[in-house]
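Down below is the structure, laid out as C-alpha cells.
Protein chains in written order, with our numbering: chain A, 1 to 589; chain B, 1 to 589.
Below you can see the structure in the form of C-alpha cells.
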C-alpha cells in the first residue's frame, strides 16, 4: 500500500479499490431495505427530539455519506436514534419551545458541538474514555431511557396532554388524564402498536408459509412500518379523521436539506457543553458496540479512535444540513448487515434513497397520524429495554447492581443527564471503594507441595514465627493504610512473631504512597524485633523498587518464591485448622 | 473490663484508672513545656486566620480538654495549626472583613460545621475516605500552603500592604511595594526570623556547652519564641516603636473564653459546606498521621474512626468557646511526646496553662510587634515545606509526580480548596487511567521448570498453537475492552492458533462488564476455531464465576496451573527469542 496513513484515516481508499459489480448488487439491495425502514424511524425520532419530522430525513443523508468515507465499520448505519433523540430533547427542551425555529437552531448547535467533541476526542485518541461507562450502566441507562420514551409517547397514542420531565410525573399525569383520552387516536395508536409487534414477530413466517421466498418475505416484513404508515394515512384521508380531532403530521416541506450554520454563541456553547459531551459519549458507545458486534461476525476490526472521527464528521455534517445529533443505530445496522451490505457504499445508496424521499415523498406524509409515529417509537424502544439486567447483576455482582439501580432510578426521576452521571459516579466510586479495601489473606504451605493457600480455606502448614500475607490488589494510596492496619493488628496478636513475608504475586503496582507505607511498616516491625521480607515480586514492580531507598534499607530479603522464603525462615511448624479458624474469625467479626 | 464499649469510645476510662503520681509528674512537666510553646503559636495562627490574637488562646483550651476525653492518641496536642488556619482564612476571607465580628462569627460557624462533619464521619466509620488523599498530594498541599503562608506573612514582616489571594499576586505585590518597606518593622521581623531559626537549631547545644543539664537546656530552648516575644515587646515599650509606625498587637481582652453559639443560617452552611469538609479531611489526615507516627514509637494504636469523633468533639468545643477550626498539630505533639507526656492528662494541664495565660497574661501582649508573630509563623511553616517531594516522586512514579505538580500549581495559583480538589482528582484520574490499560504479558514456559514468564523478558518455550496471556490487573469495566482488543489483535496475527489460555493469577476480581467481555471473547474465538481456557483462577473469583452462564458455555477448560494447561494442550514447541522480539516490538511501536 502506498499511502498507509491516509488509507488508515480514510477507509474508503481501502474498500473502494476492491469495489465490483457483486458488492454493488449486495449494497443496493441492502440500501433499499434500510431506506424503507429508515423513513418512518427518521420521522419518528425527529418528533421524539421535539423537531419537525423532515429534520429526521435531513439527519439521515449527509451523516450516512460522511460515515461511509471515514467509518471503519462496513455495515454501520448512522442517523437519528432513540436514546440520543431523547437526550437532545432533554438538553434543549427547557431552552426553547419544541417546534420553534429557536429550538431547531439549538438542535443544530448541539449536533455541531457533539461533532466537534467527537472529532477532537478521535484526533487525541481519547476513545478509551468511553470504557468508563460500564456495561451495566449502559444497559441500565438505555433501559431507563426506553421506559421514559415509551411513557412519553403514550400520551401521543392516547391523545392526551402531559409534559412532565420525569417518569413519575409523566405516568401520574397520564393517570390523571384518563378521562380525556381521545378514543379514535387511542384506537389507531394502540392498533398500530399491536400491528407493529405482530409484524416484527409473525409477518415473515406467515409470508413464508404463504409460499413467498424467504428473502422476499424478509424484505416485505421489514416494510411493515411503512405499510402501517401508508394504511393509517390512507384511512385518515378517507375518513377525514383529522377533522375529528386526531393529530396528523401535516405539511412537511419538500426539497433538499437546507444548508445551515450553527449559531456563534459562546455563552450558549458553555451551557450545552455537558449535554453535548454526554450525547457524544453515549452515541459513541452505542455505535461502537453495535459496530464491534457486527464486525466480529465477519472477522473484521473496528478502530474506536477512527470511529470517533467518523461520528464527529457525521455530526458536523448533520449540523451543516439542518439535522440534529446522530449516531450508529442498533436496529438499522443489524438490518443492513442481515440484508447483505458489503461496504459503506450501502450507506451512500441509503442516503440517496432518503434524499429522494425528502424530495418526492413528503406531501404523502400529510395525513400520517402522529399516533402512528409514536407507535413506531414505542415498538422500537421497548426492544431496547432489558429489565433482566437487574436480576443478572444482582446474582453476579452487587456493586454492578448498585450502579444499575442508581442509573435507572436517577434517569427515571431526574432525567437522562443526571442518570448517566450518577451511573458513572456510582460505578467508579464503588470500584475505588473495593480497591481501597483489598483482600489480604494469611497463607500457609499446602503439605507436600510448594504452593501456599489461604489458611481460612485450606488445611495448611503455618509457623508461629512467620506471618505470610498475600495482598490481592495493587498497592496504591487508597489501600496503603489497610495494609498498615492489618500488619499492625497481626503483630500485636502474635508474641512469637519474628518474620513477616509479603507474597506480592498479585501486586501489579506500588505507588509512592504505598511505598511510604511499606517504609513505615518496615520501621515499625523493626522496632518490634520483626523482619519484613518480600516474595514473588513481579518484574516491573521490582525494577522500580530496586531504585528506592526502601529496598536499600529493608533488612529482610526478597525471595523469588514464597516457598523459598518458608525454607529459609521456618523453624517450628504447626498445622492450621481452617474450619476452627474460620469460625473463630466469624465469631469475632 | 466491665464496660468494653464505653471504654472504647471514652479512652479516658482506660488510662484514667491507671493514673498515678509518676504519670502525673511526667504529664505536668510536658504540659509546662507545651504551654510555653503554644502561647506564641496560638496568637500567631489566630492572626494567620485573620482573627484577633486572643481567639488563638480560646481555641487551645476546650479542644485540648475534649480531645483528652475522647482521643485515642496519648500524646496528640490539639489546637490551631498553620494549614487549617490558612484554609479558614481562605474559606471566610471573601465573606467578611478580617478582624470584624462577622468574620469571627463565620470562623465559629466553620468550626461548628467541621466538628459536626467529623463527628458524623466518625460515627458512620467513614475514616477510610481520608485514604483517597494520597501521601504525595498531602505533601504537595502542605508544601504549597507553607509557601503561600510564608509569602503572605512576609508583608507583615516588611510592613507593607498586599492582599492578593494567590502566590503570584502576593509575590508580585511585594516586589512592587519594595519602596514602601518600613525598615524598623523589617529589622525587627527579619531579626526575629533569624533568631528563631538560630534558637531552633543552636540554642540547646549552646546551653549544654554552657554547663546546663540537657533537660533544662531543652526546656529553655523551647522557650526561645516566648523569649523573643518578651524581648521585642520590651524593646517596643522601651523605645515606643509603635509611635514610629510599627504595628503592634494592641489591646487583647483579658478573661475566660466567651460562650458562643454558631449562627443558625442554613444558606451560609450550604456555602461553607465544601470548605468545612476540606478543612475536616485535611485536619483529620494531618492529625492521624502525626498521631500514628508517635503511637507506633511506643507500640500503641490509634483508632482512626475514634479520632474522627475526638476531633469532631474538639471542633465543636472550639465553636462553643469562641474558637476556630483546630486539629492535632505536628510540632506541638512532637514536643509533648519528647517532653515525656504519658497520658492525655498532659493536654488538660496544658489547657489550664493556656487558660491562665488568657486570664492573666494578655495585658503583657500589648506591645508585641505583629512582625514578631509573623516571624513565628514563617519559621514554623517553612519546616513543613518539603520540596524534595518533586524529586522523589519524579524518580519513582510519574503519576504521583503529576498529582504533586497539580496540587502545588493549583494551590499556589487558585487557592487551597481548588488545589486540594485538583490533587485528588488528578491522582484518582491517573489511577483509573492506569488500571484501564492493564499490563498484559504473553508468557512462555521457563525450560526445565513449571514457571511461566513474559516472552519479551525471558528465553522461554512457546507453542504456535497456544497463546498464553497473563493479565496483571483485576478485570473491570474500564479495562475489559483492552483485553478484547489485545486478543482480537493476537488472533488476527497467528494463523496456527488453536488455544488461548488466560493465566488469571493476578486477577482479583471480574466485574459484570468484564464477564460480558469474556463471553464476547469466547464467542469470537469460537467463530475463529480457537478455544478459550483459563488457568490459576483465584478462589473468590472462581466461586463467583462458577455460578455464571459464561462458565457453563465455556468450551475450554479451567486449569489449576498454567503448567497443566501447557501439558494438556501443547503439541509443537519453539523457543522464544526474547531480545529479537523485544526489538521487533519496539520497531513496530
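Where is the CB? At the ideal position from N, CA and C, for every residue including glycine.
Is the beta carbon of residue 77 of chain A closer than 9 angstroms to that of residue 86 of chain A? no
task: Could I get the ranges of all uninterrupted alpha helix (DSSP H) runs contained in the stretch 69-116 of chain B, with 4 residues as the minimum, in chain order?
output: 82-92
Item to complete: Please say whether residue 218 of chain A and residue 339 of chain A have beta carbons closer to each other than 9 angstroms?
Response: yes
Quick one: complete alpha helix (DSSP H) runs, 4+ long, within the stretch 240-322 of chain A? 266-297 and 304-320
* So who's on the other strand from residue 540 of chain B, going by DSSP bridges? -> In the DSSP output, where bridge partners are listed per residue, residue 540 of chain B has none listed.
### Task
Could you say which of B:210, B:504 and B:223 lies nearest to residue 196 of chain B if we only look at CA atoms?
B:223
Separation of residue 394 of chain B from residue 332 of chain A, as counted between CA atoms | 51 angstroms
Determine which residues of the stretch 536-558 of chain A have a Cβ less than 8 angstroms from any Cβ of chain B, and write them out in chain order.
538, 539, 540, 544, 547 and 548
*asked:* If I follow the unbroken alpha helix (DSSP H) through residue 21 of chain A, where does it start and stop?
replied: 21-48
* List the residues of chain A that residue 434 of chain B touches, going by C-beta distances under 8 angstroms, in chain order. => 509
Enumerate, from N- to C-terminal direction, the unbroken alpha helix (DSSP H) stretches of 4 or more residues contained entirely within the stretch 121-187 of chain A.
135-158 and 167-176
Tell me where the alpha helix (DSSP H) around residue 393 of chain B begins and ends. 388-396
Alpha carbon to alpha carbon, what distance is there between residue 415 of chain B and residue 347 of chain A?
53 angstroms
### Query
Between which two residues does the beta strand (DSSP E) carrying residue 553 of chain B extend?
Premise fails: residue 553 of chain B lies in the alpha helix (DSSP H), 549-553, not in any beta strand (DSSP E).
Simplified DSSP state of residue 369 of chain A, which is helix, strand or coil
strand
Checklist line | C-beta contact flag for residue 380 of chain B and residue 25 of chain B at 9 angstroms | finding: no
Cβ of residue 137 of chain B within 9 angstroms of Cβ of residue 423 of chain B? yes
Original post:
Tell me which same chain residues have a C-beta within less than 8 angstroms of the C-beta of residue 172 of chain B, skipping the five on either side of it?
Top reply: 164
message: In whole angstroms, give me the CA-to-CA distance for residue 225 of chain B and residue 127 of chain B.
response: 36 angstroms
Subject >> 9 angstroms Cβ cutoff met for residue 263 of chain B and residue 49 of chain B >> reply: no
Between the stretch 133-149 of chain B and chain A, which residues of the former have CB atoms less than 7 angstroms from a CB of the latter, in chain order?
-> 134, 135 and 136
Report task. Would you grab the beta carbon distance between residue 495 of chain B and residue 473 of chain B for me? Rounded to a whole angstrom, and I think it's under 8 angstroms. Result -> Not really, about 29 angstroms apart at Cβ, beyond 8 angstroms.
Exercise for review: Would you decide whether residue 298 of chain A is buried or exposed? Buried here means 16 or more other CB atoms lie within 10 Å of its CB.
Suggested key: exposed
- request: With DSSP as the reference, label residue 474 of chain A as helix, strand or coil.
  value: coil
Original post:
What is the residue span of the alpha helix (DSSP H) that residue 444 of chain B lies within?
Top reply: Where residue 444 of chain B is concerned, there is no enclosing alpha helix (DSSP H), although the beta strand (DSSP E) it sits in stretches over 440-445.
- [ ] Quick one: grab the DSSP three-state call for residue 195 of chain B.
- [x] helix
Counting only beta-carbon separations shorter than 9 angstroms, does residue 477 of chain B have a partner in chain A?
yes
Item checked: DSSP beta-bridge partners of residue 559 of chain A -> A:535
Task: residue 513 of chain A at chain B interface by Cβ criterion, 9 angstroms - done: yes
- Item | Among B:52, B:129 and B:567, nearest to residue 100 of chain B - alpha-carbon criterion | B:52
- Which of helix, strand or coil DSSP assigns to residue 327 of chain A: strand
Q: Work out the CA separation of residue 528 of chain B and residue 578 of chain B for me, nearest whole Å.
A: Only weak support exists for where residue 578 of chain B lies, its pLDDT of 48 falling under 50; the coordinates are left without a value.
Cutting at 6 angstroms between CB atoms, please list the residues of its own chain near residue 470 of chain A, excluding the five before and the five after it.
441, 443 and 503
Item to complete: Go ahead and pull the three-state DSSP assignment for residue 641 of chain B.
Response: No information on residue 641 of chain B is available, as it lies outside the stretch 1 to 589 that chain B covers here.
For this session: Look at the Cβ atom of residue 73 of chain A, then the Cβ atom of residue 277 of chain A, and state whether they are nearer than 9 angstroms.
Result: no
Taking 9 angstroms as the CB-CB cut-off, is residue 103 of chain A touching chain B?
no
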